[in-house]
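Here the structure comes first, spelled out in structure tokens, and everything after it is commentary.
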Amino acid sequence: MRPFIAGNWKMNNGPIRGKAFFEEIKEFPREKAQVVIFPPFPTLPQVKELAERKAIALGGQNLYWREKGAFTGEVSAEMLVEAGADFVLVGHSERRNIFGETDELINLKLKAALKWGLKPVLCVGEHLGEREEGRTMEKIKFQLDADLSGIDPHRLIIAYEPIWAIGTGKNATPDQAEEVHAFIKEYLGNIKVLYGGSVKPENAFSLMKQPHIDGVLVGGASLKPDSFYDIIMAGVKAFEEKG
Ligand code: PEP
């Protein structure tokens, strides 16, 4: 087993900065970690070769479910594949909350991604109020049921991202994350579940040391080659210790 370390660049690192990142990041032991970066669309094809040299796979941050046509501003699964993506984020909380994506739309996007051979990373997570009311598992179950309707969960990766922990500097404690990961695995079977929400070099090891945490989805700390490398190596160490 090796950790799965993903970096979501959000709307950062265009082609110029993106190339510099891949030139600068240190080599990690390839057989000991699976690493994916999700750059903005224009950066994707520009960094494909550089990423390959560093054994880093690429993914899209979003997609539209229709195959082509009059959908201004949208990108299809086939286009992502053509641009060099193997993975795609679906249902990130920023897509749900800022752009109003519904679970029905997310379900269609997952189906389109799978049809074109992309591996989706489906993001789920609760708002702070839902956690405080003790409704975390209920919310996660609701999202999984709706998003995965008609889909075999083994075909994708889940990222548990508590909304209150994204970009806030407040990460879930390893125990809080572990509890939700164990729940997701019990509910869906043994699939990969990543934790996301203010992951940094300082907390990455203790999170990935948890038995049901298979890796991390990192936002802010994935923008700098050094901090992202340190997170990869924290994962390598945690998985060596977990055995
Ligand atoms: C994310 O964008 O998925 C994320 C977890 O962001 P951050 O690490 O910055 O909280």
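For the sequence shown, this note's numbering begins at 180 and goes up steadily by one.
Beta carbons are placed, not taken as given, at the ideal position from N, Cα and C, and that holds for glycine.
Worksheet item: Using a Cβ-Cβ cut-off of 6 Å (strictly less than) and excluding sequence neighbours within five positions of Gly394, which residues of its own chain qualify?
Response: Residue mapping note: residue 394 aligns to position 215 of the sequence shown, counting from 1. Answer for Gly394: Pro182, Phe183, Ile184 and Leu373, listed in chain order.
Item to complete: Compare the C-alpha of Ile277 against each of Gln355, Ala292 and Ile342 and name the closest.
Response: Along the sequence shown, one-based indexing puts residue 277 at 98. Selected option, being the one with the closest Cα: Ile342.
Worksheet item: By DSSP, does Ala338 sit in helix, in strand, or in coil?
Response: As a working note, residue 338 is residue 159 in the sequence shown. Strand at Ala338.
Discussion item. Checking 9 Å against the spacing of the C-beta atoms, do Phe200 and Leu237 come in under that value?
Written reply: Here residue 200 is taken as the residue at index 21 of the sequence shown, counted from 1. Here residue 237 is taken as the residue at index 58 of the sequence shown, counted from 1. Cβ atoms of Phe200 and Leu237: not closer than 9 Å.
Worksheet item: Which whole-angstrom value describes the C-beta separation of Lys211 and Gly263, a residue pair presumed to lie in contact below a C-beta threshold of 8 Å?
Response: As a position in the sequence shown, residue 211 is number 32, starting the count at 1. As a position in the sequence shown, residue 263 is number 84, starting the count at 1. That belief does not hold up - the Cβ atoms of Lys211 and Gly263 are roughly 24 Å apart, past 8 Å.
Worksheet item: What runs of the beta strand (DSSP E), each 3 residues or longer, lie entirely inside the region 241-311?
Response: Whole beta strand (DSSP E) segments, 3+ residues: 266-269 and 298-303.
Worksheet entry | Limits of the unbroken beta strand (DSSP E) element including Asn187 | On the sequence shown, position 8 is the one that residue 187 refers to. Unbroken beta strand (DSSP E) run through Asn187: Phe183 to Asn187.
Discussion item. Tell me the rounded alpha-carbon separation between Asp409 and Val378.
Written reply: Residue numbering aside, residue 409 sits at position 230 when the sequence shown is read from its first letter. Residue numbering aside, residue 378 sits at position 199 when the sequence shown is read from its first letter. If you take the alpha carbons of Asp409 and Val378, they lie about 11 Å apart.
Discussion item. With H, G and I counted as helix, E and B as strand and the rest as coil, what does DSSP make of Gly399?
Written reply: By 1-based counting over the sequence shown, the position of residue 399 is 220. Looking at Gly399 - three-state DSSP - the assignment turns out to be helix.
Practice prompt. Compute the Euclidean distance between the alpha carbons of Arg209 and Ala234, then round it to the nearest angstrom.
Written response: Here residue 209 refers to the residue found at position 30 of the sequence shown. Here residue 234 refers to the residue found at position 55 of the sequence shown. Taking the straight line from one Cα to the other gives about 7 Å.
Worksheet item: Since Asn375 sits in a beta bridge, which residues does DSSP pair it with?
Response: The residue you call residue 375 lines up with position 196 of the sequence shown. It should be noted that the sequence gives Gly, not Asn, for residue 375. Beta-bridge pairing links Gly375 to Leu396.
Worksheet item: Any heavy atom of the ligand PEP closer than 8 Å to the Cβ of Glu340?
Response: Position 161 of the sequence shown, counting from 1, holds the residue named residue 340. Yes, the ligand PEP has a heavy atom inside 8 Å of this Cβ.
Worksheet entry | For Leu237, the three-state DSSP class (helix, strand or coil) | Translated into positions along the sequence shown, residue 237 becomes position 58. Reduced to three states, the DSSP call for Leu237 is strand.
Fill in: CA nearest to the CA of Gln355, picked from Glu311, His333 and Lys205
Against the sequence shown, residue 355 aligns to sequence position 176. Out of Glu311, His333 and Lys205, Glu311 has the C-alpha closest to the C-alpha of Gln355.
Discussion item. Determine whether the beta carbon atoms of Asp331 and Val303 lie at a separation below 9 Å.
Written reply: As a position in the sequence shown, residue 331 is number 152, starting the count at 1. As a position in the sequence shown, residue 303 is number 124, starting the count at 1. In this structure, Val303 does not lie closer than 9 Å to Asp331 by Cβ.
Worksheet item: Do the region 396-413 and the region 349-363 touch if we need at least three Cβ pairs shorter than 8 Å?
Response: no
Discussion item. So, with DSSP's three-state summary, where would you put Ile204?
Written reply: Taking the sequence shown and counting its residues from 1, one reaches residue 204 at position 25. Ile204: coil per DSSP, three-state reduction.
Worksheet item: Which two residues bound the contiguous alpha helix (DSSP H) that contains Phe418?
Response: Position 239 of the sequence shown, counting from 1, holds the residue named residue 418. Phe418 -> alpha helix (DSSP H) spans Pro404 to Lys421.
Practice prompt. Starting from the C-beta of Ala344, find all residues in its chain whose C-beta is less than 6 Å away, skip the five residues before and the five after it, and write them out in chain order.
Written response: Start at 1 with the first residue of the sequence shown, and residue 344 comes out as number 165. Result list for Ala344: Asn350, Ala351, Gly376 and Ser377, in chain order.
Discussion item. Nearer than 8 Å: is that true of the beta carbon of Glu273 relative to any heavy atom of the ligand NAP?
Written reply: Looking at this structure, you won't find the ligand NAP anywhere; what it does contain is the ligand PEP.
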